[in-house]
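Visitor: Residue numbers (the numbering used here): 1 to 611. Yeah, the Cβ is synthetic: ideal placement off N, Cα and C, and Gly gets one too.
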């Protein structure tokens with residue numbers, strides 16, 4: 001230290017910082033100055049991991065830029081000194097927050113810190129690598145191809161069990177990479193837990209932990225931070241269950257908009273890719289941490305707590321991918337169908353030849369407004385409608401041991417699923433039934449019937465509650481409303497076209513609309529509505545399998561199977577209101593194509609065949 005750090009005077013006391021799963025970090029305390037030493041962990045390391053020399057180089061290069069970093073003093077690559085490479089840097093006074101929802105701060109401070117996180121990220125991406133001597137810090141081009149390859153290899157090298165979701169992501173990501181956006185300095189681990197906040201002000205004074213820094217697409221950093229809005233965080237449940245209005249924390253859209261404002265960017269295409277890529281990458285990183293824990297060379301004993309983390313993160317990424325694919329696929333399929341029908345039958349040319357004055361663009365906008373308005377009004381009123389139509393009695397103060405147990409069970413499951421505590425209620429019905437509803441996964445209602453409580457064992461009831469909590473956590477209420485809004489739009493759109501054609505071409509109405517338009521439109525709306533219902537119900541059945549998986553994860557697979565078998569042996573359930581039926585545990589018997597639920601035997605078989 002005396003030889004390489006100007007002004008150093010001992011004696012020296014060494015104290016390790018708590019936390020961290022990568023490179024061990026220590027305070028070097030002298031009577032006048034405190035330094036920070038960061039070193040590689042001991043033992044055999046994965047290829048290209050724990051490169052403290054890269055950390056030193058990038059922070060040294062950024063020292064004279066607007067990006068806040070500590071001053072670098074020296075880098076030692078001689079492993080004979082302390083056993084590994086290490087570097088020494090300035091100790092900056094500041095606050096380190098690891099809890100993403102910042103519970104100890106005010107709303108104004110929370111908001112300011114998150115918005116400053118977006119601003120500082122944009123500052124980093126604005127730095128010219130050539131100007132600071134980092135032009136060769138990473139290979140040019142093919143950033144995502146190289147990153148996906150790297151983390152796939154590192155995951156395979158640290159793999160401890162089969163995770164199907166990781167295989168799915170490794171297959172999907174290379175085929176869906178966005179166009180190359182050029183190269184900027186990418187931090188690689190940019191998040192709240194890797195920045196120091198001013199001791200008294202809500203602003204960032206230092207960005208730390210540059211081990212994964214390289215040249216690439218800045219949106220990788222943005223997606224990395226924003227995965228926390230989807231429940232991906234190293235320290236806690238992330239921001240998935242946060243009440244943004246109550247806490248002051250900006251929403252995902254606000255955070256992205258703040259970054260774009262400082263980065264001079266108008267929009268971001270294929271945003272879902274950046275989220276899914278980072279969920280995959282995080283899963284690969286955390287699997288490496290867990291493997292180091294098993295091998296005994298992790299920086300913290302906490303590494304062994306990450307046994308299920310890679311599976312959980314990758315499965316969330318696949319779930320997000322499936323939701324996006326399903327919604328886009330439904331929308332594209334309907335639009336494609338309309339386009340094909342119009343071209344096959346020559347509708348547009350036919351309309352023009354016959355002087356039919358139909359503005360298709362305006363009609364589509366009108367249909368979307370009406371279609372989505374109806375869907376979202378139903379969503380907004382769903383809890384109120386459920387309480388009234390089913391006679392749900394909300395458990396506010398439990399009046400029995402059973403009610404207390406139900407509340408405690410739902411509270412525990414909601415915490416595990418990463419959502420706010422739902423309202424919990426009981427409705428009077430002799431049939432075993434339950435449902436979840438609500439406009440937001442963090443403002444849901446979970447209700448069970450008196451018949452279900454009478455006919456099922458506690459383990460089975462717990463599984464049913466877990467099934468409904470999973471519906472809420474998966475966002476099924478909102479997703480179903482989006483799907484319903486899309487199909488509503490095209491039902492209205494097509495029915496009005498049919499009515500207009502009949503009105504103009506058959507009844508020769510030249511201006512306005514005659515009775516035929518309204519009659520034919522209503523009939524067509526009923527017909528198209530029935531066809532559209534097939535799509536909505538197919539989606540509902542698909543989500544039911546997902547909720548069964550979630551129920552099994554929260555309450556045990558055997559409990560979930562037992563609950564379904566109990567339903568199988570029960571008598572037919574009472575009919576439930578339409579708005580409740582799609583998210584109920586047992587919706588009764590309907591024709592297969594119009595059923596909101598798969599057959600119970602199919603659901604049981606799916607669970608029995610799962611790992």
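What's the call for residue 445, buried or exposed, on a 16-neighbour Cβ count within 10 Å?
Guide: Result: buried.
Visitor: Verify whether the separation of the beta carbon atoms of residue 222 and residue 138 is less than 8 angstroms.
Guide: Going by C-beta atoms, residue 222 is not nearer than 8 angstroms to residue 138.
Visitor: Which first and last residues belong to the beta strand (DSSP E) in which residue 241 is found?
Guide: No beta strand (DSSP E) holds residue 241; DSSP gives it neither H nor E.
Visitor: Are the Cβ atoms of residue 379 and residue 478 separated by less than 8 angstroms?
Guide: For residue 379 and residue 478, yes; Cβs fall inside 8 angstroms.
Visitor: If you measure between the beta carbons of residue 284 and residue 154, is that distance less than 8 angstroms?
Guide: In contact: residue 284 and residue 154 (Cβ atoms closer than 8 angstroms).
Visitor: In the DSSP assignment, find the beta strand (DSSP E) that holds residue 557 and state where it starts and stops.
Guide: Premise fails: residue 557 lies in the alpha helix (DSSP H), 557-569, not in any beta strand (DSSP E).
Visitor: On the three-state DSSP scale, how would you describe residue 258?
Guide: In the structure shown, residue 258 sits in a helix (DSSP, three-state: H, G or I).
Visitor: What did DSSP end up calling residue 121 once you bin it into helix, strand or coil?
Guide: Residue 121 falls in the helix class under three-state DSSP.
Visitor: Considering only residues of the same chain and omitting the five flanking positions on each side of residue 559, which have a CB-CB separation below 7 angstroms?
Guide: The residues are 459, 460, 462 and 463.
Visitor: Could you name the residues of the same chain whose beta carbon sits closer than 6 angstroms to that of residue 239, not counting the 5 residues immediately before and after it, in chain order?
Guide: Same-chain partners within the cutoff: 100, 228 and 229.
Visitor: Which parts of the stretch 419-445 are runs of the beta strand (DSSP E), unbroken and 3 residues or longer, counting only runs that do not cross its ends?
Guide: Within the stretch 419-445, the complete beta strand (DSSP E) runs of at least 3 residues are 423-427 and 434-437.
Visitor: Could you name the residues of the same chain whose beta carbon sits closer than 8 angstroms to that of residue 266, not counting the 5 residues immediately before and after it, in chain order?
Guide: Correct list, in chain order: 260.
Visitor: Can you tell me whether DSSP reads residue 537 as helix, strand or coil?
Guide: Note: residue 537 maps to helix in three-state DSSP.
Visitor: In or out: residue 601 buried (at least 16 other Cβ within 10 Å) or exposed?
Guide: Classification of residue 601: exposed, given that the 10 Å Cβ count is below 16.
Visitor: If you measure between the beta carbons of residue 529 and residue 466, is that distance less than 8 angstroms?
Guide: Not a contact, by the Cβ cut-off of 8 angstroms.
Visitor: What are the start and end residues of the alpha helix (DSSP H) that includes residue 372?
Guide: Run containing residue 372: 360-380, per the alpha helix (DSSP H) assignment.
Visitor: State buried or exposed for residue 102, treating a residue as buried only when at least 16 other CB atoms are found within 10 Å of its CB.
Guide: Flag for residue 102 reads buried.
Visitor: Quick check: what's the CA-CA separation for residue 128 versus residue 43?
Guide: Each residue's Cα considered, the two are about 36 angstroms apart.
Visitor: Taking the alpha helix (DSSP H) that residue 149 belongs to, which residues open and close that run?
Guide: Where residue 149 is concerned, the enclosing alpha helix (DSSP H) stretches over 143-158.
Visitor: When you compare each of 387, 131 and 314 to residue 169 by their alpha carbons, which one comes out closest?
Guide: Checked all of 387, 131 and 314; the closest Cα to residue 169 is 314.
Visitor: For residue 372 versus residue 251, is the C-beta spacing smaller than 8 angstroms?
Guide: Contact flag unset, no.
Visitor: How far does the alpha helix (DSSP H) with residue 139 in it reach, from first residue to last?
Guide: First-last for residue 139: undefined, no H or E at that position.
Visitor: Using alpha carbons as the reference points, say which of 66, 275, 258 and 308 lies closest to residue 317.
Guide: If we check each option's Cα against that of residue 317, 275 comes out closest.
Visitor: Quick one: grab the DSSP three-state call for residue 207.
Guide: Residue 207: strand per DSSP, three-state reduction.
Visitor: Using a Cβ-Cβ cut-off of 8 angstroms (strictly less than) and excluding sequence neighbours within five positions of residue 391, which residues of its own chain qualify?
Guide: Correct list, in chain order: 427 and 428.
Visitor: Round the Cβ separation of residue 180 and residue 149 to the nearest angstrom and send it over; I've been treating them as touching at under 8 angstroms.
Guide: With 8 angstroms as the limit, residue 180 and residue 149 do not qualify as a contact, their Cβ atoms being about 16 angstroms apart.
Visitor: Note down, in chain order, each residue of its chain lying with its Cβ closer than 6 angstroms to the Cβ of residue 120, except the 5 sequence neighbours on either side.
Guide: Same-chain partners within the cutoff: 204.
Visitor: Tell me residue 35's beta-bridge partners as DSSP assigns them.
Guide: Partner(s): 28 and 90.
Visitor: Run the CB neighbour count on residue 454, radius 10 Å, all protein chains shown included, and call it buried at 16 or more, exposed below.
Guide: Exposed, by the Cβ-count rule.
Visitor: I need the straight-line Cα distance from residue 289 to residue 212, nearest angstrom please.
Guide: Cα to Cα, the separation comes out at about 14 angstroms.
Visitor: Drop a sphere of 10 angstroms on the beta-carbon of residue 597, count the other beta-carbons inside from all chains shown, and report buried for 16 or more, exposed for fewer.
Guide: That one is buried.
Visitor: Got a sec, what are the start and stop residues for the beta strand (DSSP E) residue 72 sits in?
Guide: 72-76 is the span of the beta strand (DSSP E), which, as asked, contains residue 72.
Visitor: Residue 241 and residue 419: beta carbons closer than 8 angstroms?
Guide: For residue 241 and residue 419, yes; Cβs fall inside 8 angstroms.
Visitor: For residue 554, which of helix, strand or coil comes out of DSSP?
Guide: Helix at residue 554.
Visitor: Cutting at 6 angstroms between CB atoms, please list the residues of its own chain near residue 262, excluding the five before and the five after it.
Guide: So the list reads 119 and 122, once near-sequence residues are dropped.
Visitor: Whose C-beta lies closer than 8 angstroms to the C-beta of residue 310 among residues of the same chain, with five residues either side of it excluded?
Guide: Around residue 310: 155, 163, 166, 283, 284, 286, 287 and 290.
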